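S.K.:
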Amino acid sequence: MTILHTLALGVLAVVIGLAVGILGGGGAILAVPVFTFIAGFPASQAVGASFVVVGASSLFGVLLRLRSGSIRWIVGLTMAVAGALGAQAGQWLGSFVSDRVTLIVFALVMFLSAVSMLRGSRPSRFTRRPSIPLVLALGLGIGVLTGFTGAGGGFIIVPALVALAGLPFAAASATSLLVITINSASGLLGYLGEQSLPWATVGSVVAIALVGTFIGTWIASRVDGAKLKVAFGALTLFIGLGVLISQLVGAG
Numbered sequence: 026m027t028i029l030h031t032l033a034l035g036v037l038a039v040v041i042g043l044a045v046g047i048l049g050g051g052g053a054i055l056a057v058p059v060f061t062f063i064a065g066f067p068a069s070q071a072v073g074a075s076f077v078v079v080g081a082s083s084l085f086g087v088l089l090r091l092r093s094g095s096i097r098w099i100v101g102l103t104m105a106v107a108g109a110l111g112a113q114a115g116q117w118l119g120s121f122v123s124d125r126v127t128l129i130v131f132a133l134v135m136f137l138s139a140v141s142m143l144r145g146s147r148p149s150r151f152t153r154r155p156s157i158p159l160v161l162a163l164g165l166g167i168g169v170l171t172g173f174t175g176a177g178g179g180f181i182i183v184p185a186l187v188a189l190a191g192l193p194f195a196a197a198s199a200t201s202l203l204v205i206t207i208n209s210a211s212g213l214l215g216y217l218g219e220q221s222l223p224w225a226t227v228g229s230v231v232a233i234a235l236v237g238t239f240i241g242t243w244i245a246s247r248v249d250g251a252k253l254k255v256a257f258g259a260l261t262l263f264i265g266l267g268v269l270i271s272q273l274v275g276a277g
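The sequence shown begins at 26 in this note's numbering and counts up one residue at a time.
1) Taking the alpha-carbon of G94 as reference, which of F131, G218, L262, S198 has the nearest alpha-carbon?
2) Determine the direct distance from the alpha carbon of L91 to that of Q70, and round the result to whole angstroms.
3) Using the Cβ count rule (16 or more neighbours within 10 Å means buried), how would you classify F263?
4) Is the distance from the Cβ of G101 to the Cβ of V187 below 9 Å?
5) Are the beta-carbon atoms of G237 and A44 separated by less than 9 Å?
6) Measuring only the C-alpha atoms, how far is G215 from L84?
7) With a Cβ-Cβ cutoff of 9 Å, do I233 and A33 count as a contact?
8) Enumerate in chain order the residues of its own chain whose CB-to-CB distance from A210 is below 7 Å, with the five nearest sequence positions on each side excluded.
9) Relative to the C-alpha of T206, which candidate in R125, V40, G49, V36 has its C-alpha closest?
10) Relative to the C-alpha of V230, which candidate in G115, G35, I54, T174 has its C-alpha closest?
11) If distances are taken between C-alpha atoms only, which option among L137, G73, F136, W98 comes closest to Q160?
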């Protein structure tokens, strides 16, 4: 990589960590394009690297939030169990498609993520607990998405926990980190059975992303997350458009 690419990789690694720390997800939406277009990884390898970076950042975020008591363990673990199974299925499905297909699907996921963040999450008026079958179904679907694209699914988990469980944004984002940690670990286990990773580069990105996660967690406790969420949604939309155009032009 050139010096410019190395600097860009470092800056974006901080942004990935910030997204995890502030929003409780969204880091993988940036991680896959960053590893593909900045670090030069093949798409399949970028997915595996995303599991490592986002999983480590999310685990660190969970540890930082333990004292706050904001994690809803029963809801999170129930969703994560289904998500771990779904991640294996998604990783298996991803092995049958080309890098171009993976990136096109990922770009579409980025658009959905951007729309979710730009629209915002309205607090639920319901205080009842979500049904276990509903949480399991949601977790399974998010797990498949995680395994196939490397996206942690936080952009789905957080709004769903707010709408279905009536959780405040802080609790939903903290619980999302628990789910993403387990989903990423499950996806990585399936991935490492088939491919290897350039650990020097991945490890460097992880170290920088953890700094971003620490800063993001600090910011989240002091700044209105809604405004930051909209800004990150706009960035995600821009990057998703770039990924989609690059793949469609390449197909021509």
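Where a beta carbon is used, it is the ideal one built from N, C-alpha and C, also for glycine.
Since this is a predicted model, take the numbers as computed values, not measurements.
M.R.: Walking through what the data contain:
1) S198
2) 32 Å
3) exposed
4) no
5) yes
6) 19 Å
7) no
8) G80
9) G49
10) G35
11) For clarity, residue 160 is Val in the given sequence; the question names Gln instead. Answer by Cα proximity: W98.
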